[in-house]
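Q:
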Amino acid sequence: MQRTHSTSNHRALIDSFGRPIEYVRLSVTDKCNLRCFYCMPKGFKSFEEPDNWLTFDEIGRVIAVFSELGVQRIRLTGGEPLVRHNLAQLTHRLSAIEGIKDLSLSTNATLLGKQAAALYKGGIRRINVSLDTLNEKRFAEITGGGKLSQILSGLEKARQVGFKPIKINMVVMKDTLKEDYERMLEYCIQNDFTLRYIETMPMGTPGRDASNQYQSLQSVKQQLMEKYDLVPGINTGGGPARYFRIHGTDFQIGFITPISQHFCETCNRVRISVDGTLYLCLGQEDKLELRPLLRAGISDEDLKQAIINAVARKPERHEFNEKPGQVVRLMSMTGG
Ligand code: SAM
Ligand code: SF4
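Using my numbering, you'd call the opening residue of the sequence shown number 23 and step up by one each time.
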């Protein structure tokens, strides 16, 4: 059953399982200047045509409609969002929308050195940076040739500019060594970054998909507990991470476990890809194409209703475990 309820001037989005949808992850590009093998295969070229990208005007309109439906939090992602030209212009616009209280960014940090100041000025305060290892050679292998030093200086710049919190997302793979994830933890403690470990999801492409790289984070947590005194922490940011704190410190470690302990029952988000497709679940095909509606001149009221109807179709959960061979889309296409 689909339900919406009215506040003074907002209708809230609630799906048919009673989950309030209050968070939109917006992909501003499907392109990337890295090639993390679990996300985007080497040589991949089937990118969306620029004519099909939502323009900044269209994005502004869609996000304003979501905000009228009660969404307060937007995260810009991709692909690598910083490769979209003039991204800071978009952030200015989105942060000016009444009702948008939290504008954040997921990035690989390669271009942060150049863009951090403009993005901060444009209203972004919280950033998540992907970093899977502090070993230069392994970093280049995972990312298809990325330079670790560029990421580390991008992070330094982000800190100087004032982003807080800065969260490091580390995808843990089967061949991630204990020394790799411990070294990352020590690095994050030293730099006052929040660390989140992430399980690999089967999102790649057949042949080099990520499923054979899966390692459960439950064993990683056990190993860390032998060395560190981990006590339950506070969930910062309202996302799926389960947080632990190192006893006697403020340092938080998040575990994002879509496979070993999925969190679909509390899912509060939907995703919009660069071509304006509203995806209702990361691991399922259910969607609504917004671009044709926008370009056909749909009214705000009808757009709202179309979004409400789509949210009512949000699937209960992903089926990565039940259908491991089903590779739905590249993560870079959906907007991870
Ligand atoms: N380029 C930006 C970045 O790397 O942070 C934003 C987009 S990226 C798709 C967003 C997040 O998805 C990253 O933290 C990345 O590690 C994660 N990701 C991509 N493919 C994944 C997979 N197969 N399993 C788990 N996480 C994945
Ligand atoms: Fe690019 Fe991010 Fe995907 Fe890596 S995870 S290929 S940086 S979009």
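Here a beta-carbon is modelled for each residue, glycine too, at the ideal position from N, C-alpha and C.
Note that this is a predicted model, so its numbers are computed, not measured.
For Gly40 and Pro280, what's the separation of their Cα atoms in angstroms?
A: Rounded to the nearest angstrom, the two C-alpha atoms are 20 Å apart.
Q: Sorted by chain position, which residues of the same chain lie with C-beta nearer than 7 Å to Pro337's C-beta, five sequence neighbours on each side aside?
A: Hits under 7 Å: Leu302, Cys303, Gln306 and Asp308.
Q: Which residues does DSSP pair with Glu311 in a beta bridge?
A: Beta-bridge pairing links Glu311 to Thr299.
Q: Restricting to runs no shorter than 3 residues, where is the beta strand (DSSP E) found entirely within the segment 239-277?
A: Within the segment 239-277, the complete beta strand (DSSP E) runs of at least 3 residues are 252-254 and 264-268.
Q: Which word fits Val253, buried or exposed, when buried means at least 16 other C-beta atoms lie within 10 angstroms of its C-beta?
A: Its Cβ having fewer than 16 others within 10 Å, Val253 is exposed.
Q: Between Ile220 and the ligand SAM, is there a pair consisting of the residue's CB and a ligand heavy atom that are separated by less than 8 Å?
A: Under cutoff, so the answer is yes.
Q: Residues in its own chain within less than 6 Å of Cys210 by CB, not counting five upstream and five downstream?
A: So the qualifying residues of the chain are Ile190 and Leu217.
Q: Give, in chain order, every unbroken run of the alpha helix (DSSP H) that is at least 4 residues long and sits entirely within the segment 318-347.
A: Correct list: 322-333.
Q: State the DSSP-derived secondary structure class of Leu133, mapped to helix, strand or coil.
A: DSSP places Leu133 in coil when its eight states are reduced to three.
Q: With DSSP as the reference, identify every bridge partner of Ser128, one or two as the case may be.
A: Asn150, per the DSSP bridge assignment.
Q: Which term fits Asn130, buried or exposed, when burial requires 16 or more other beta carbons within 10 angstroms of its beta carbon?
A: Buried, because 16 or more other Cβ atoms sit within 10 Å of the Cβ of Asn130.
Q: Is the CB-CB distance between Arg57 and Phe66 below 9 Å?
A: Against a cut-off of 9 Å, the Cβ pair of Phe66 and Arg57 comes out as a contact.
Q: Assign Gly270 to buried or exposed, taking buried as 16 or more other Cβ atoms, counted over all protein chains shown, within 10 Å of its Cβ.
A: That one is exposed.
Q: Output needed for Gln237: all residues of its chain with C-beta closer than 8 Å, excluding positions within five of it in sequence on either side, in chain order.
A: Once the five neighbours on either side are set aside, the close Cβ partners of Gln237 are Val194, Met195, Lys196, Thr198, Glu221 and Thr222.
Q: Can you grab the Cα-Cα spacing for the pair Asn150 / Leu325, in whole Å?
A: Distance between the alpha carbons of Asn150 and Leu325: 30 Å.
Q: For Glu178, decide whether its Cβ has a neighbour in chain B, counting only Cβ atoms nearer than 9 Å.
A: Structure shown: chain B not included; a single protein chain is present.
Q: With a threshold of 7 Å on Cβ separation, who are the neighbours of Gln94 within its own chain once the five nearest residues in sequence on each side are excluded?
A: Result list for Gln94: Glu44, Gly121, Ile122, Lys123 and Asp124, in chain order.
Q: Measuring only from the beta carbon, is Met192 closer than 8 Å to any heavy atom that is part of the ligand SF4?
A: Answer for Met192: no, Cβ out of range of the ligand SF4.
Q: When the Cα atoms are used, what is the spatial distance from Leu76 to Leu246?
A: Between Leu76 and Leu246, the C-alpha separation is close to 43 Å.
Q: Count the other CB atoms, across all protein chains shown, that sit within 10 Å of the CB of Ser295; report buried if there are 16 or more and exposed otherwise.
A: Result: buried.
Q: Roughly how many angstroms lie between the CA atoms of Ile164 and Ala318, to the nearest whole one?
A: Going from the Cα of Ile164 to the Cα of Ala318 covers about 42 Å.
Q: Below 8 Å on the Cβ atoms is my contact criterion, and I expect Gln172 with Thr113 to pass it. Report the Cβ-Cβ distance as a whole number of Å.
A: Incorrect: roughly 22 Å between the Cβ atoms, too far for contact.
Q: Restricting to runs no shorter than 4 residues, where is the alpha helix (DSSP H) found entirely within the segment 57-86?
A: Complete alpha helix (DSSP H) runs here, min 4: none at all.
Q: From Ile256, Ala110, Val292 and Arg267, pick the residue whose C-alpha is nearest to that of Ala140; which is it?
A: The residue with the shortest Cα to Cα distance from Ala140 is Ala110.
Q: Please tell me whether, using a cut-off of 8 Å, the distance from the CB of Gly100 to the nearest non-hydrogen atom of the ligand SF4 is below it.
A: Yes, the Cβ of Gly100 comes within 8 Å of a heavy atom of the ligand SF4.
Q: Decide yes or no for the touch test of the segment 178-186 against the segment 143-159: beta carbon pairs closer than 8 Å, at least 3 of them.
A: Yes, the segment 178-186 is in contact with the segment 143-159.
Q: Determine the DSSP secondary structure at Ser38, reduced to helix, strand or coil.
A: Here Ser38 sits in coil by DSSP.
Q: Which two residues bound the contiguous beta strand (DSSP E) that contains Leu48?
A: Element bounds for Leu48: Tyr45 to Ser49.
Q: If you follow the beta strand (DSSP E) that Met192 is in, where does it begin and where does it stop?
A: Its beta strand (DSSP E) spans residues Ile188 to Val194.
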